[in-house]
Amino acid sequence: MAAIADNKKARFNYTLEEQYECGVVLEGWEVKAVRAGQVQLTDGYVVIKDGELFMIGCRINPLREASTHVHPEADRTKKLLMHKEEIRRLIGKVEQKGYTLVPLNLHYKGGRVKADIALAKGKDLHDKRDTEKKRDWEREKGRLMRHKVSSKPKG
935 MAAIADNKKA RFNYTLEEQY ECGVVLEGWE VKAVRAGQVQ LTDGYVVIKD
985 GELFMIGCRI NPLREASTHV HPEADRTKKL LMHKEEIRRL IGKVEQKGYT
1035 LVPLNLHYKG GRVKADIALA KGKDLHDKRD TEKKRDWERE KGRLMRHKVS
1085 SKPKG
């Protein structure tokens, strides 16, 4: 799987429960822009309307070389493709208190653009602090281990 764009804030702001893969309906100019890496997912979220999934806030910046007859809209709502049974299961879980759907990344699979979305619960401020402390400790531990290994006396 070749990654196109990642939503790094999703893992920091949310506790991820379940992960799903779904297809993304794109227009021609969007596919070209995605191939050029003009995608931003940080403010994206997924909503369910009339039994269908839609990704809102995924920004695909149009290329300058776009055709003159196409009027690109960078923040267009994109439809996501999943099996009806999976969507029904998601509807039941999202209606529970505190759950939301968040896009994690866009990637290629078999020449098509796919999105990983997650059923997530928002983290409280203290949970975010804990996540930051763990990340800092892992970084410091790696530094200490490298320093310890490189400073061993020869002999």
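Quick note on our numbering: the sequence shown kicks off at 935 and runs consecutively.
Glycine included, C-beta positions come from ideal geometry on N, C-alpha and C.
query = Which residues in the same chain have their Cβ closer than 8 Å to the Cβ of residue 1035, if we skip the five residues on either side of it in sequence?
reply = These residues qualify, in order along the chain: 979, 980, 981, 982, 987, 1024, 1028, 1051, 1052, 1053, 1054.
message = What does DSSP give as the partner residue(s) for residue 936 in the beta ladder?
response = Looking at the DSSP assignment, residue 936 forms a beta bridge with 1042.
request  = Consult DSSP for residue 1020 and reduce its assignment to one of helix, strand or coil.
outcome  = Helix at residue 1020.
message = So for residue 973, helix, strand or coil by DSSP?
response = The answer is strand: DSSP assigns residue 973 an E or B state.
ask   = Can you tell me whether residue 964 is buried or exposed, with buried defined as 16 or more other CB within 10 angstroms of its CB?
value = Burial call: buried.
inquiry  = Tell me the rounded alpha-carbon separation between residue 1014 and residue 1082.
reply    = Cα to Cα, the separation comes out at about 49 Å.
DSSP beta-bridge partners of residue 985 = None, per the DSSP bridge assignment.
query = Among 975, 953, 955, which one has its Cα closest to the Cα of residue 940?
reply = Residue 940 has its Cα closest to that of 975, out of 975, 953, 955.
query = Just the Cα atoms here: how many angstroms apart are residue 1065 and residue 938?
reply = Approximately 25 Å, taken between the alpha carbons.
ask   = In terms of DSSP beta bridges, what is residue 1015 paired with?
value = Residue pairing by DSSP places residue 1015 opposite 957 in a beta bridge.
request  = Compute the Euclidean distance between the alpha carbons of residue 1058 and residue 1012, then round it to the nearest angstrom.
outcome  = Taken atom to atom, the span from the alpha-carbon of residue 1058 to that of residue 1012 is near 29 Å.
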